[in-house]
Every structure is written in structure tokens, then in C-alpha cells.
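Following our numbering, the residues of the sequence shown are numbered contiguously, the last one being 987.
In what follows, a structure is listed as C-alpha cells, so that the remarks can point back to it.
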Amino acid sequence: MVYNTVVMDMDGTLLDDKKHITANTLEVLNRLQKKGVNIVIATGRLWESPNQYAKYYNLFSHTIAANGTIITDNKGNLVDEGSLSSKSLLSLLKIVREYGAGYYFVGDKIIYTSNLKADVGAFYQPIGLEHCFPRIAEAEANSIGVDSAEPMGIRKFLLYHRDDTVLEKIKNEINTLEDVEISSSFRQNVEITPKGFHKGWALKRLMDHINVNIRETVAFGDYLNDKTLLETAGMAVVMENGHPKLKEIATRIAPANNEDGVAVVLNQMEAEGLL
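Dropping the structure here:
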């Protein structure tokens with residue numbers, strides 16, 4: 713089997729802990745791209761963030777963003793998209809407020825948050841995302857027009873709570889909703905997308921769009937929101953720093969993200985004639 717598409721998560725996978733693509737990894741990806749290999753990003757981040765990386769590094773044929781709710785090519789042309797319904801959003805708001813959880817829900821270039829200072833300071837600045845959004849609005853549901861959530865294009869609803877027991881109760885309630893998907897990109901957070909929209913679905917949708925056999929894809933990931941991506945791809949590579957549950961489904965284990973793990977495995981595969 714020769715693989716012609718490489719799909720990578722960003723945080724904890726492609727990027728080191730300083731949120732950079734290292735020179736070594738960049739060299740490998742550029743070389744493969746010149747050979748005709750499709751280089752694809754599949755991230756939980758909103759579209760604007762990977763788009764900035766794509767422009768800066770002149771990489772990536774396509775982008776899967778917001779856990780699979782938006783797919784574009786390298787010119788920003790839309791392949792497919794999904795948004796949370798107003799019904800879902802109202803149900804989620806009711807649950808998180810009942811438990812006193814922090815939350816934010818996001819479109820492509822906007823965040824609505826329950827606590828601007830806490831959310832941006834504690835969660836966005838450490839991972840370098842705060843610069844990507846031209847507008848950040850503190851808002852209550854009745855002041856942002858939740859009934860018009862669908863035209864607003866809300867891609868994801870994210871919540872967090874410091875108490876794992878409370879977080880588990882929240883997850884159990886959300887799991888009773890019929891029209892959402894639930895995942896997580898780091899400890900103590902929960903990410904909700906429209907039913908049927910996740911990284912695995914987006915990969916399959918994109919490969920159908922560009923006429924590539926899904927078995928000819930290799931995916932890299934590190935956390936639970938990468939699970940469907942890894943299960944869908946032809947080869948599943950999990951980072952050494954990845955979640956233990958993901959390692960159970962891995963075809964290969966890559967060195968950690970701070971050790972050029974993506975580049976190491978891609979070099980190995982190229983040497984084996986798999987790329």
C-alpha cells in the first residue's frame with residue numbers, strides 16, 4: 713500500500729508545545745507535498761487559525777477545522793460545513809448553566825463566551841489563539857439572538873469545569889441529546905458539534921471530494937477528538953504523548969510532538985516505500 717494523503721491534528725501532534733512547526737517537520741512536509749502527497753490539517757481549532765498557519769508556511773492542500781464542521785481547500789473554497797441548531801444551542805446552555813460550567817460557542821471568526829477574561833486568558837492565550845479572532849463578545853443567550861444560531865454558523869460549543877465529577881455529569885446529560893456529537897481535546901473540556909460532524913466524517917467527505925481512496929490516507933493524532941479520524945484513515949499514528957485510549961487503536965506510535973514525531977514517522981514510511 714502506498715499512501716498519498718497525510719492528515720494531521722495540530723496541537724499535541726504537528727505543532728510542538730511552542731505552537732510551531734519545526735524546521736525538520738516543515739522540510740519533510742514540503743518534500744512530500746512536492747512529490748504530490750496531499751498534506752491536510754484536521755484540527756479542533758476554528759478555521760481562521762489553521763488558515764493562518766497555511767498562509768505562513770505555504771502548506772496544506774485542504775483544511776478540516778472545528779472538529780470536522782468546516783472543510784476547505786487551500787484557497788478557502790468551501791467543500792462542506794455544518795452548524796449547531798438553535799435547539800441544540802439552547803439545550804446546551806441550559807445544561808451548562810445548571811452546573812455552573814464555563815462555556816463558549818464559536819463560529820469561524822467569532823467567539824461568544826460566558827466569561828471573556830477567564831476563557832481567553834486561561835484557554836486561548838496559552839495556545840496562541842487569541843489573535844485569530846477579530847471580535848470576542850461576552851454575551852448571554854438572550855442578547856445574541858440564539859434563535860438565529862443556524863445563520864450565525866455556530867460550529868462548536870465548548871465547555872469546561874475544574875471538577876471531573878461534575879464534568880462527567882454534564883457529559884452524561886449532553887449524551888441524552890439526539891442531535892449533537894461529543895468529544896474532548898484536552899482534560900476538563902468537552903466539545904460539542906452537530907450530529908454526524910466529526911473529524912472522521914470530514915476526512916471521508918474530503919477524500920470523496922478529491923477522489924482519493926480512504927485506505928490511502930495516514931492520520932496523526934494525540935487526543936480523543938482525533939479518535940474518529942484515526943479510525944477512518946488507512947493508517948492510524950498516535951503520538952507518544954497521546955491519550956492511552958488512542959494508543960489502543962494505533963497502527964504506529966510516533967515520538968512525542970516535541971521530538972518531531974510526525975517527521976520521524978513520515979521519514980520511516982518514505983524509506984519503506986509507503987509514501
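The beta-carbon is built from N, C-alpha and C at its ideal position, and this holds for glycine as well.
Is there at least one Cβ from chain D nearer than 8 Å to residue i's Cβ?
{"i": "Lys-916", "result": "No chain D appears in the structure shown, which is made up of a single protein chain."}
Please list, in chain order, all residues of the same chain as residue i whose beta carbon is under 7 Å from its beta carbon, the five residues on each side excluded.
{"i": "Leu-741", "result": "Ile-751, Leu-771"}
{"i": "Tyr-803", "result": "Here residue 803 is Ser; the residue named in the question, Tyr, does not match the sequence. Excluding sequence neighbours, Ser-803 sits near Leu-889."}
{"i": "Thr-725", "result": "Phe-932, Gly-933, Asp-934, Met-951, Asn-969, Val-974"}
{"i": "Ile-733", "result": "Leu-726, Leu-727, Tyr-769"}
{"i": "Phe-898", "result": "Tyr-935"}
{"i": "Lys-916", "result": "Ile-926, Thr-944"}
{"i": "His-921", "result": "Val-791"}
{"i": "Ala-983", "result": "none"}
According to the Cβ coordinates, are residue i and residue j closer than 8 Å?
{"i": "Thr-944", "j": "Gly-908", "result": "no"}
{"i": "Glu-760", "j": "Asp-723", "result": "no"}
{"i": "Asn-779", "j": "Ser-895", "result": "yes"}
{"i": "Asp-729", "j": "Ala-754", "result": "no"}
{"i": "Met-951", "j": "Asn-923", "result": "no"}
{"i": "Gly-794", "j": "Leu-871", "result": "no"}
{"i": "Ala-727", "j": "Leu-978", "result": "In the sequence as displayed, the identity of residue 727 is Leu instead of Ala. No."}
{"i": "His-774", "j": "Asp-785", "result": "yes"}
{"i": "Leu-879", "j": "Val-902", "result": "yes"}
{"i": "Leu-796", "j": "Ile-866", "result": "yes"}
{"i": "Asp-938", "j": "Leu-918", "result": "no"}
{"i": "Val-749", "j": "Thr-717", "result": "yes"}
Once you ignore the five residues that flank residue i on each side, which residues in its own chain have a CB closer than 8 Å to its CB?
{"i": "Val-714", "result": "Glu-928, Gly-985, Leu-986, Leu-987"}
{"i": "Asp-891", "result": "Ser-797, Lys-799, Ser-800, Pro-906, Lys-907"}
{"i": "Gln-900", "result": "Tyr-872, His-873, Arg-874, Asp-876, Leu-879"}
Any idea if residue i is buried or exposed, counting beta-carbon neighbours within 10 angstroms, 16 or more meaning buried?
{"i": "Asn-736", "result": "exposed"}
{"i": "Gly-812", "result": "exposed"}
{"i": "Glu-893", "result": "buried"}
{"i": "Val-719", "result": "buried"}
{"i": "Asp-972", "result": "buried"}
{"i": "Val-949", "result": "buried"}
{"i": "Asn-789", "result": "exposed"}
{"i": "Asn-763", "result": "buried"}
{"i": "Thr-877", "result": "exposed"}
{"i": "Ala-914", "result": "buried"}
{"i": "Arg-757", "result": "buried"}
{"i": "His-873", "result": "buried"}
{"i": "Ala-687", "result": "Shown here, the chain extends from 713 to 987; a query on residue 687 therefore has no answer."}
{"i": "Ile-961", "result": "exposed"}
{"i": "Ala-966", "result": "buried"}
{"i": "His-988", "result": "The displayed coordinates of the chain run from 713 to 987. Any statement about residue 988 would go beyond what the structure contains."}
{"i": "Ala-766", "result": "buried"}
{"i": "Asp-859", "result": "Its pLDDT being 49, under 50, Asp-859 is placed unreliably in this model, and the value from its coordinates should be taken loosely. Classification for Asp-859: exposed."}
Using a Cβ-Cβ cut-off of 6 Å (strictly less than) and excluding sequence neighbours within five positions of residue i, which residues of its own chain qualify?
{"i": "Ala-975", "result": "Asn-736, Thr-737, Val-740"}
{"i": "Met-947", "result": "Val-930, Thr-963"}
{"i": "Gln-980", "result": "none"}
{"i": "Ile-783", "result": "Ile-776, Val-791, Asp-792, Ala-914, Leu-918"}
Below 8 Å on the Cβ atoms is my guess for residue i versus residue j; work out the distance and round it to an integer in Å.
{"i": "Leu-941", "j": "Gly-954", "result": "Not quite, the Cβ-Cβ distance comes to about 12 Å (not below 8 Å), so this is no contact."}
{"i": "Phe-869", "j": "Ile-904", "result": "4 Å"}
{"i": "Asn-882", "j": "Val-818", "result": "For clarity, residue 882 is Ile in the given sequence; the question names Asn instead. In fact, because the Cβ distance is near 18 Å, the residues do not count as touching under 8 Å."}
*Which ranges would you report for the alpha helix (DSSP H) in the stretch 717 to 805 if only whole runs of at least 4 residues count?*
Qualifying alpha helix (DSSP H) stretches, in chain order: 735 to 746, 760 to 769.
*Going along the chain, which unbroken runs of the alpha helix (DSSP H) with 4 or more residues stay wholly within the stretch 898 to 960?*
Annotation: the stretch 898 to 960 contains the following complete segments of the alpha helix (DSSP H) (minimum length 4 residues), in chain order: 911 to 921, 939 to 944, 956 to 959.
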